[in-house]
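*Asks:*
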Amino acid sequence: MAEKNRILKRYLSNNNRYQMDDPDCGRAYLLNAVLFSMSVLCIVFAVLNIIKTDYPPFIIFHTVIMSLSIITIIFFHKTDNMKLTSLFSVILATFLMASFIYLVKNNHFGLFWFAVYPPFVYFILGRKKGRIATLSFGISVLAYIIFSHRNWEPAVFDYISIVNISGASICLTLLIVFYEKSKRQAEESLVTKNNQLHIMSITDRLTGLYNRHKLDETLYELMQKSRNCEKQFSIIIADIDQFKSVNDTYGHLTGDKVLIDISKIISSRVRQSDVAGRWGGEEFLIICPDTDYAGITDISKKIEADISGYKFESVEGITLSFGIATCCKGETIDSLLQRADISMYECKQSHKKTF
Numbered sequence: 002m003a004e005k006n007r008i009l010k011r012y013l014s015n016n017n018r019y020q021m022d023d024p025d026c027g028r029a030y031l032l033n034a035v036l037f038s039m040s041v042l043c044i045v046f047a048v049l050n051i052i053k054t055d056y057p058p059f060i061i062f063h064t065v066i067m068s069l070s071i072i073t074i075i076f077f078h079k080t081d082n083m084k085l086t087s088l089f090s091v092i093l094a095t096f097l098m099a100s101f102i103y104l105v106k107n108n109h110f111g112l113f114w115f116a117v118y119p120p121f122v123y124f125i126l127g128r129k130k131g132r133i134a135t136l137s138f139g140i141s142v143l144a145y146i147i148f149s150h151r152n153w154e155p156a157v158f159d160y161i162s163i164v165n166i167s168g169a170s171i172c173l174t175l176l177i178v179f180y181e182k183s184k185r186q187a188e189e190s191l192v193t194k195n196n197q198l199h200i201m202s203i204t205d206r207l208t209g210l211y212n213r214h215k216l217d218e219t220l221y222e223l224m225q226k227s228r229n230c231e232k233q234f235s236i237i238i239a240d241i242d243q244f245k246s247v248n249d250t251y252g253h254l255t256g257d258k259v260l261i262d263i264s265k266i267i268s269s270r271v272r273q274s275d276v277a278g279r280w281g282g283e284e285f286l287i288i289c290p291d292t293d294y295a296g297i298t299d300i301s302k303k304i305e306a307d308i309s310g311y312k313f314e315s316v317e318g319i320t321l322s323f324g325i326a327t328c329c330k331g332e333t334i335d336s337l338l339q340r341a342d343i344s345m346y347e348c349k350q351s352h353k354k355t356f
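Just so you know, the sequence shown maps onto residues 2 to 356 in my numbering.
1) Below 7 Å CB to CB, which residues in the same chain sit around Leu36 once its five sequence neighbours on both sides are set aside?
2) For Ala156, does the three-state DSSP call read helix, strand or coil?
3) When DSSP labels each residue in this structure, what does Phe313 get in the three-state scheme?
4) Just to confirm my understanding: we take Phe46, look at its own chain, exclude 5 residues before and 5 after, and list those with CB closer than 6 Å. What are they?
5) Tell me whether the region 225-244 and the region 325-344 touch, counting them as touching only if at least three CB pairs, one residue from each stretch, are closer than 8 Å.
6) In whole angstroms, give me the CA-to-CA distance for Glu284 and Thr193.
7) Roughly how many angstroms separate the alpha carbons of Thr355 and Asp242, rounded to a whole number?
8) Can you name the start and end residues of the alpha helix (DSSP H) that Arg340 belongs to?
9) Return the residue from the list Phe101, Thr320 and Phe59 that minimises the CA-CA distance to Tyr145.
10) Quick check on Tyr294: does DSSP put it in helix, strand or coil?
11) For Arg279, which option in Cys348, Leu207 and His253 has the closest C-alpha, if you only look at C-alpha atoms?
12) Compute the Euclidean distance between the alpha carbons of Met39 and Tyr211, then round it to the nearest angstrom.
13) Quick one: does the C-beta of Ile238 sit closer than 7 Å to a heavy atom of the ligand ZN?
14) In the DSSP output, which residue or residues are listed as bridge partners for Cys289?
15) By the three-class DSSP mapping on this structure, what secondary structure does Tyr211 have?
16) Go to Ile325, then tell me how far its beta strand (DSSP E) extends in each direction, as first and last residue.
The structure is reproduced here in structure tokens:
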């Protein structure tokens, strides 16, 4: 079963060249499915006509449609030309429908097949071209019926009628199901891409931590939720000591690697409820909800210990200066950050060194 599904998927997706995130994937699947179905149906109808009527025009007609369908499939799989394949398929479907209605007239309830035409054309050509094609062909069929129905004999309901009604109903149902499935996949793809864009908009590209925008947003939300800091939270500002000397001595690529390594250490130490990000340049900001001064001090000491025990590539003696501050009632974001900055610069004075 798995092997059959794999083969079917390869056929429908042109040997996996049309993936689910491709905007033309749904059209490719439908084109391949419809062209294959037309080929099979033409074989079935040709056999039925041989058994029932042995009428050469019917047999020749179905054989020609089957051959053209197969040729279109081969063309599509060799070229991946969606535009021409869509055009060929609609022309083929129109020719098939027109010839079928002309030959069958009202016999065997063959007019039921017209119900399949509009949804197929709309899906393949799009709303504007699909509307034009459907109206043009629909008016032509209606005109043909109006001018010729007086010469038609009453339709006889037989097993071929059952095949026509059942086949048209099944195809129409499958088209509706396929349309809904494609619509759902498009919506899911849109949601996924929007989520990816959102993640990109709040993530620092180099370090993978949150960026300044996300940190500002989190600070504002916490300040609002805490009702002017009645619910306590704390922050850590961490700055790499003498980072300019690292870049000047070892180069910016090495400096970037240091930033990435430190970001990984910070990520491994913060709690799930904490928000850690790159505040700017060589500065990092860690926001810790429901954390008092003792808790924030413990977190900063653990990060400092991890940094001192980490072996950086090509660089030795990397240290961080930490500034911590716990939000007090009546405080603003600016005053909280200012207190953390002052604490960090006081710490930095004890870390002065030259690489």
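Glycine included, each C-beta is placed from N, C-alpha and C at the ideal position.
*Replies:* This is what the structure holds:
1) On the sequence shown, position 35 is the one that residue 36 refers to. Only Ser70, Thr73, Ile74 and Ser90 meet the Cβ criterion.
2) Walking along the sequence shown from the start, residue 156 turns up at place 155. DSSP places Ala156 in coil when its eight states are reduced to three.
3) Residue mapping note: residue 313 aligns to position 312 of the sequence shown, counting from 1. Reduced to three states, the DSSP call for Phe313 is coil.
4) Within the sequence shown, the letter at position 45 stands for residue 46. Within the same chain, Phe46 has close Cβ partners His63.
5) Yes, the region 225-244 is in contact with the region 325-344.
6) In the sequence shown, counting from the first residue as 1, residue 284 sits at position 283. In the sequence shown, counting from the first residue as 1, residue 193 sits at position 192. So the alpha carbons of these two residues sit roughly 31 Å apart.
7) As a position in the sequence shown, residue 355 is number 354, starting the count at 1. As a position in the sequence shown, residue 242 is number 241, starting the count at 1. With a pLDDT of 37 at Thr355, under the threshold of 50, the modelled position of this residue cannot be trusted; read the value that follows with caution. Rounded to the nearest whole angstrom, the C-alpha separation of Thr355 and Asp242 is 9 Å.
8) Taking the first residue of the sequence shown as position 1, residue 340 is located at position 339. Annotation for Arg340: the continuous alpha helix (DSSP H) segment containing it runs Ile334 to Gln350.
9) Position 144 of the sequence shown, counting from 1, holds the residue named residue 145. Closest by alpha carbon: Phe101.
10) Counting from one through the sequence shown, the residue named residue 294 turns up at place 293. DSSP places Tyr294 in helix when its eight states are reduced to three.
11) Here the question's residue 279 lines up with position 278 in the sequence shown. The option with the nearest alpha carbon to Arg279 is Leu207.
12) The residue given as residue 39 occupies position 38 in the sequence shown. The residue given as residue 211 occupies position 210 in the sequence shown. Distance between the alpha carbons of Met39 and Tyr211 is about 54 Å.
13) Among the components modelled here there is no ligand, and therefore nothing to report on the ligand ZN.
14) Position 288 of the sequence shown holds residue 289. For Cys289, the beta-bridge partners assigned by DSSP are Ser235.
15) Walking along the sequence shown from the start, residue 211 turns up at place 210. Here DSSP, grouped into helix, strand and coil, assigns Tyr211 to strand.
16) By 1-based counting over the sequence shown, the position of residue 325 is 324. Counting along the chain, the unbroken beta strand (DSSP E) around Ile325 starts and ends at Leu321 to Thr327.
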